[in-house]
Structures are given as C-alpha cells and as structure tokens.
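Taking it in order: structure first as structure tokens, then the write-up.
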Amino acid sequence: MTQPAVYVVSDSTGETAELVTRAALMQFGKSQQFIHRFHHVDTPDMIEEIVDLVAVNNGIIVHTIVVEEVREELNKTAKKFGVPIIDIFGPLLAQLEETYQIKPLSEPGMVRSLDEAYFRKVAAIEFAVENDDGRNPRGLLQADYVLIGISRTSKTPLSQYLALKGLKVANVPIVPEAQVPEELFEIDPNKIIGLKISKEKLNQIREKRLASIGLSGVGNYASHDRIDAELEIFTELTNKLGCYVLDVTNKAIEETANDILMHIGEIADENLEL
Numbered sequence: 015m016t017q018p019a020v021y022v023v024s025d026s027t028g029e030t031a032e033l034v035t036r037a038a039l040m041q042f043g044k045s046q047q048f049i050h051r052f053h054h055v056d057t058p059d060m061i062e063e064i065v066d067l068v069a070v071n072n073g074i075i076v077h078t079i080v081v082e083e084v085r086e087e088l089n090k091t092a093k094k095f096g097v098p099i100i101d102i103f104g105p106l107l108a109q110l111e112e113t114y115q116i117k118p119l120s121e122p123g124m125v126r127s128l129d130e131a132y133f134r135k136v137a138a139i140e141f142a143v144e145n146d147d148g149r150n151p152r153g154l155l156q157a158d159y160v161l162i163g164i165s166r167t168s169k170t171p172l173s174q175y176l177a178l179k180g181l182k183v184a185n186v187p188i189v190p191e192a193q194v195p196e197e198l199f200e201i202d203p204n205k206i207i208g209l210k211i212s213k214e215k216l217n218q219i220r221e222k223r224l225a226s227i228g229l230s231g232v233g234n235y236a237s238h239d240r241i242d243a244e245l246e247i248f249t250e251l252t253n254k255l256g257c258y259v260l261d262v263t264n265k266a267i268e269e270t271a272n273d274i275l276m277h278i279g280e281i282a283d284e285n286l287e288l
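This is the structure we're talking about:
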C-alpha cells in the first residue's frame, strides 16, 4: 500500500516548512521521499487545484503561508475537501500579534532573507582571512573594499569587523622592503581605503608591541626614522592611487569601522546621483 505523502505549501520557497516536516517524519522512520513541495503559492486562485491534487492522493498539507488571505483560503479549502492540514505559522502569528499588539508584516521569504544575510557574513569572514596581509593578490580584484596601511594600523581587525557587516574586505601592508601588488592599481580607487596614523602614536604602539614580546629597544621597528620612511611611502602610494585616506590615530576599531561605513555610504550616494 502506498504511504500517504506530505505536501508542503508555501508562499516563498517552502524550505522552512520542509525542514520542520522532515524533522517530524524522521520520528516515524520516514524519509524525504514522502515530501512534495508547492512553492510561491501567493494568490488564492492557486489553492483549489493544489488541494484537489492532495485529496486525490490521500495526502496531508503542511504550510507556512504568511499572507492572511491565502492562508485562510487554504485552510478553508482543505476543510472542504477533507484534507488534513497543519498550519505552522498561523497560530504562532496570531499569538504573537496578541502578545505584541501589532500586525504581522505578512511578507513571504523573510527567513530566507535572514539565511542569505548570514551566509553572506560567513563568506565575508572567510574572504577576510584568506586575503589578510596581502597574502592573495588576486583576491583584491574580488574584494568589495581594500584596506592599505603600514604595520599596526589595525588592518586585520578592521577587515574582520567589516566582514561581520557582510563586506568582503582584503588588506595590504605597506612596507619599504616590498612592492605592493600590481592588482592594487587595477581596481577602482573608490574601493581602496588608506589607514594613516600619527608618528607619535605609532611609535607608542610599536614600543609597547616590542615590549610585550621581550624585544624592547631591539631593531628599528619603532624608530622615528623607520616610521618616517614608512609614512612617506604610504603617502606617496595613496596620492598615486587617488584613494580615500582615513586617520585612525587614537580611534577604536568600532569608531574607525563606523567612519569607513559612513564613507562607503557617501560613495554609494554619489554613484547613485551620477
């Protein structure tokens, strides 16, 4: 005897309803083969044909319809055809509406939008790690933005922080002993953000860094001559690129990131006007 199937009905992709149904079916040793999906059912005139098909096949309906008109039509039609129906969202939405005293948005696909935002953040974080400290020059061409700066200007933590906003950010160190990647000159200057810092502040940061690893007073990493040379190279490069330069002196990571996000917003507005 053929086992009755579960018909998932949704006004979006149906992924949420199918996930819940699959989890329930596993409790009975049933597999995904018992699930059929009708997705993007977003108007009442689509309902009767679906319910008739389910009735003919002696199935049941599980749905996550959020548009009230469509949800009511589906529940009413299923009752008329004698089809068992489980409304996953309806009772929950009604209870939440009563609790919060506000109407639901009734917009399909919002869970999927949240999922996409989450995976976009994950991808951005992975991108920041793979393209940290100039280790992958070709990745600069795929970056949303590229941070450039001399050592101890917070390029790595800023890249990670901005990745949490869903931005793919690479960073490139500026050092006298190495050439910057050629790819840096192939991308839109609006995507490049230079991070500058005062000589005095950088000297303090580097001195503390050397002391923390037991190398205080060793080498020229924190020397004024070394810092002057690096800052000069940085200035020459940013002038050549024609990119935006942000002063990070005495700024927390969050404050600098906010300045960058505000700048990005200004660039976007300028492009929109064009």
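Count along the sequence shown starting at 1, add 14, and that's the number in our numbering.
Beta carbons are placed, not taken as given, at the ideal position from N, Cα and C, and that holds for glycine.
Being a predicted model, the structure only gives us computed values, none of them experimental.
*Does the beta carbon of V160 fall short of 7 Å from some heavy atom of the ligand GTP?*
This structure lacks the ligand GTP, and indeed carries no ligand of any kind.
*asked:* Helix, strand or coil, according to DSSP, for Y132 in the structure here?
replied: Position 118 of the sequence shown holds residue 132. If DSSP states are grouped into helix, strand and coil, Y132 belongs with the helices.
*For I162 versus I188, is the C-beta distance shorter than 8 Å?*
For this step, residue 162 is matched to residue 148 along the sequence shown. For this step, residue 188 is matched to residue 174 along the sequence shown. It is a contact, given that the beta carbons lie within the stated cut-off.
*Just checking, does the region 133-147 make contact with the region 90-109 on the three C-beta pairs under 8 Å criterion?*
no
*asked:* Could you compute how far the alpha carbon of A243 sits from the alpha carbon of T27?
replied: Here residue 243 refers to the residue found at position 229 of the sequence shown. Here residue 27 refers to the residue found at position 13 of the sequence shown. Each residue's alpha carbon lies about 57 Å from the other.
*Please classify V34: does DSSP put it in a helix, a strand, or coil?*
The residue you call residue 34 lines up with position 20 of the sequence shown. DSSP places V34 in helix when its eight states are reduced to three.
*So K104 is in the alpha helix (DSSP H); what residue range does that whole segment cover?*
Residue numbering aside, residue 104 sits at position 90 when the sequence shown is read from its first letter. Reading off the sequence shown, one finds Gly at residue 104, where the question assumed Lys. It spans G104 to Y114 - the alpha helix (DSSP H) in which G104 sits, taken as one unbroken run.
*For D101, does the count of other Cβ atoms within 10 angstroms reach 16, so buried, or fall short, so exposed?*
Residue 101 sits at position 87 when you count from the first residue of the sequence shown. When all chains shown are included, D101 counts as buried.
*Pick helix, strand or coil for L209, following the three-state DSSP scheme.*
For this step, residue 209 is matched to residue 195 along the sequence shown. The answer is strand: DSSP assigns L209 an E or B state.
_Under the three-state DSSP convention, the category I164 falls into_ = Mapped onto the sequence shown, residue 164 falls at position 150. Coil, per DSSP.
*beta strand (DSSP E) runs wholly inside the region 59-94, at least 3 long, in chain order*: 74-77
*N204 versus L154: straight-line alpha-carbon distance, rounded*: Here the question's residue 204 lines up with position 190 in the sequence shown. Here the question's residue 154 lines up with position 140 in the sequence shown. Cα to Cα, the separation comes out at about 13 Å.
*Work out the CA separation of G279 and L286 for me, nearest whole Å.*
Locating residue 286 in the sequence shown gives position 272, where the first residue counts as 1. Locating residue 279 in the sequence shown gives position 265, where the first residue counts as 1. In this predicted model, L286 has a pLDDT of only 41, less than 50, meaning its place in the structure is not dependable; the value taken from the coordinates is given anyway. Distance between the alpha carbons of L286 and G279 is about 11 Å.
*Local Cβ density within 10 Å of D25, reported as buried at 16 or more and exposed below that*: In the sequence shown, the residue the question calls residue 25 occupies position 11. Under this definition D25 is a buried residue.
*Return the Cβ separation of L209 and L260 in integer angstroms, given the expectation that the two are a contact with Cβ distance under 8 Å.*
Sequence index remark: in the sequence shown, residue 209 carries index 195 (1-based). Sequence index remark: in the sequence shown, residue 260 carries index 246 (1-based). With 8 Å as the limit, L209 and L260 qualify as a contact, their Cβ atoms being about 6 Å apart.
*When the Cα atoms are used, what is the spatial distance from A69 to A92?*
Residue 69 sits at position 55 when you count from the first residue of the sequence shown. Residue 92 sits at position 78 when you count from the first residue of the sequence shown. Roughly 8 Å separates the two Cα atoms.
*Alpha carbon to alpha carbon, how far is F52 from V22? Give it in angstroms, no decimals.*
In the sequence shown, the residue the question calls residue 22 occupies position 8. In the sequence shown, the residue the question calls residue 52 occupies position 38. About 6 Å.
*Under the rule that 16 or more other beta-carbon atoms within 10 Å means buried, what is E32, buried or exposed?*
What you label residue 32 is simply residue 18 of the sequence shown in a count that begins at 1. Result: buried.
*asked:* Mapping the DSSP letters down to three states, classify N272 as helix, strand or coil.
replied: Residue numbering aside, residue 272 sits at position 258 when the sequence shown is read from its first letter. Here N272 sits in helix by DSSP.
*asked:* To the nearest angstrom, how far is the alpha carbon of A138 from that of Y132?
replied: For the purposes of this step, residue 138 is taken as the residue at position 124 of the sequence shown. For the purposes of this step, residue 132 is taken as the residue at position 118 of the sequence shown. Looking at the two C-alpha atoms, the distance is approximately 10 Å.
*Give the C-beta separation of Q156 and K182 to the nearest angstrom, bearing in mind that I take them to be a contact with Cβ-Cβ under 8 Å.*
Translated into positions along the sequence shown, residue 156 becomes position 142. Translated into positions along the sequence shown, residue 182 becomes position 168. Q156 to K182, Cβ: 7 Å. Contact.
*With a threshold of 16 other CB atoms inside 10 Å of the CB of F103, please say whether the residue is buried or exposed.*
Within the sequence shown, numbered from 1, the residue matching residue 103 stands at position 89. Its Cβ being crowded by 16 or more others within 10 Å, F103 is buried.
*For chain D, is any of its Cβ atoms less than 8 Å away from the one on S237?*
The structure shown contains no chain D, having only a single protein chain.
*Could you name the residues of the same chain whose beta carbon sits closer than 6 Å to that of Y235, not counting the 5 residues immediately before and after it, in chain order?*
Mapped onto the sequence shown, residue 235 falls at position 221. So the list reads R220, once near-sequence residues are dropped.
_For the beta strand (DSSP E) containing H50, name the first residue and the last one._
Against the sequence shown, residue 50 aligns to sequence position 36. Segment I49 to F52, the beta strand (DSSP E) holding H50.
_Residue of I201, L224, T170 and D59 minimising C-alpha distance to T270_ = The residue you call residue 270 lines up with position 256 of the sequence shown. Ranking I201, L224, T170 and D59 by Cα distance to T270 puts T170 first.
*For Y21, name the three-state secondary structure that DSSP assigns.*
One-based indexing of the sequence shown puts residue 21 at position 7. Strand at Y21.
_Here's the rule: buried if 16 or more other CB atoms are within 10 angstroms of the residue's CB, otherwise exposed. What is Y114?_
Residue mapping note: residue 114 aligns to position 100 of the sequence shown, counting from 1. Flag for Y114 reads exposed.
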